[in-house]
Amino acid sequence: MRKMEENIRGGLHKDKDKYKFSRGAYIIQAVLEYFIITMAGSTYLAKLALSVGMSDGTTVLLLSFVPLGMGFQIFALFFAHKRPAKLYVSVSLTIVQLCYALLYLTPFFNVPTEMRSAVFILLLLVGEILRN
């Protein structure tokens, strides 16, 4: 009986260690995501939009889409139950991170200003819709 208890306790401890790395990786990913999203909704985004060549009015309009993006969470209820949640969340978070990374690189694109502005708006809106 004692041997069986030790095996059970050892097995439980072994299972906890199995997920230690993935939990740590998730925490690091969440911190980095929070940092990126905080930058996407702040004055850094306004400066980035101005460097792309957008007017002040367009920049203010874009900054208002960030809080509006939270309204898209209502629509996520209809789509989330149809897919496996882990796959859906992993793919959407990957696309969001890619959109934000490209958003910060937009000023360096060697294309006309109108095209750069359009890509900037598209990346921001896609990122906000999928994030929420």
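One rule links them: number in this note's numbering = place in the sequence shown (from 1) + 11. The beta carbon of each residue, even a glycine, is placed where N, CA and C say it ideally should be.
Check: Identify, in the order they occur along the chain, each residue of the same chain with its Cβ nearer than 6 Å to the Cβ of I106, setting aside the five sequence neighbours on each side.; Outcome: L141
Check: On the DSSP letters alone, give me the boundaries of the alpha helix (DSSP H) that S128 sits inside.; Outcome: T124 to R142
Check: Excluding the 5 residues flanking L74 on each side, which residues of the same chain have their C-beta closer than 7 Å to its C-beta?; Outcome: L56 and A57
Check: First and last residue of the alpha helix (DSSP H) that includes S62?; Outcome: T54 to V63
Check: If you draw a straight line from the alpha carbon of L113 to that of E44, how long is it in whole angstroms?; Outcome: 14 Å
Check: Check the C-beta distance from V63 over to F131 and give it rounded, since I have them as a contact under 8 Å.; Outcome: 5 Å
Check: Give me the Cα-Cα distance between E125 and F32, rounded to the nearest whole angstrom.; Outcome: 44 Å
Check: Compare the Cα-Cα distances from Y37 to each of D67, T70, M65 and K97 and report the closest residue.; Outcome: K97
Check: Smallest Cα separation from T117: which of V102, L133 and S103?; Outcome: L133
Check: Confirm the yes/no value for this check: CB of A112, any heavy atom of the ligand SAH, distance under 6 Å.; Outcome: Among the components of this structure there are no ligands whatsoever, and the ligand SAH is therefore not found.
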